[in-house]
Ligand SMILES: [Zn+2]
């Protein structure tokens, strides 16, 4: 059992949910804009120099889009976990994730200890 005050209150949960939904909405409209910008540019630019710039912009946009897609998936997953009542607990050890951490990083699915450990493992893997 966790100490009572480590669980999220309904108000805190509502705040976090609102924040996530806002973020999701703005990400969705951003990516729609990015896609329409991409198609526009492709059709109108003929100059080879412009085209090179366009290509690198396109690479950048695609990379960005990839990052955004991952973030969108994380947000959706967090919202799902809210529905299940799992939100705010660590996926790895089941400990409560503090409200402060969730405000800073609403898509966090691990407590700071597990996250740090996972990152250290990642780092070690990359080293070898
Ligand atoms: Zn944990």
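Residue numbers (my numbering): 527 to 654.
All residues carry an ideal CB built from backbone N, CA and C; glycine is no exception.
Here the structure is a predicted model, which means the values were calculated and not measured.
C-beta atoms of residue i and residue j nearer than 8 Å
{"i": "residue 533", "j": "residue 630", "result": "no"}
{"i": "residue 633", "j": "residue 604", "result": "yes"}
{"i": "residue 557", "j": "residue 591", "result": "yes"}
{"i": "residue 553", "j": "residue 597", "result": "yes"}
Where residue i sits in the DSSP three-state scheme
{"i": "residue 624", "result": "coil"}
Nearest-angstrom Cβ-Cβ length linking residue i and residue j, presumed shorter than 8 Å
{"i": "residue 636", "j": "residue 616", "result": "5 Å"}
Alpha carbon of residue i to alpha carbon of residue j, nearest angstrom
{"i": "residue 642", "j": "residue 648", "result": "10 Å"}
{"i": "residue 626", "j": "residue 650", "result": "28 Å"}
{"i": "residue 542", "j": "residue 628", "result": "8 Å"}
{"i": "residue 582", "j": "residue 589", "result": "11 Å"}
{"i": "residue 563", "j": "residue 593", "result": "18 Å"}
{"i": "residue 584", "j": "residue 559", "result": "13 Å"}
{"i": "residue 599", "j": "residue 579", "result": "30 Å"}
{"i": "residue 537", "j": "residue 555", "result": "27 Å"}
{"i": "residue 613", "j": "residue 586", "result": "33 Å"}
{"i": "residue 639", "j": "residue 551", "result": "31 Å"}
{"i": "residue 644", "j": "residue 576", "result": "43 Å"}
{"i": "residue 624", "j": "residue 535", "result": "11 Å"}
{"i": "residue 595", "j": "residue 620", "result": "27 Å"}
Mind the definition here: the segment 543-559 touches the segment 600-614 only if three or more C-beta pairs lie below 8 Å; say whether that holds.
yes
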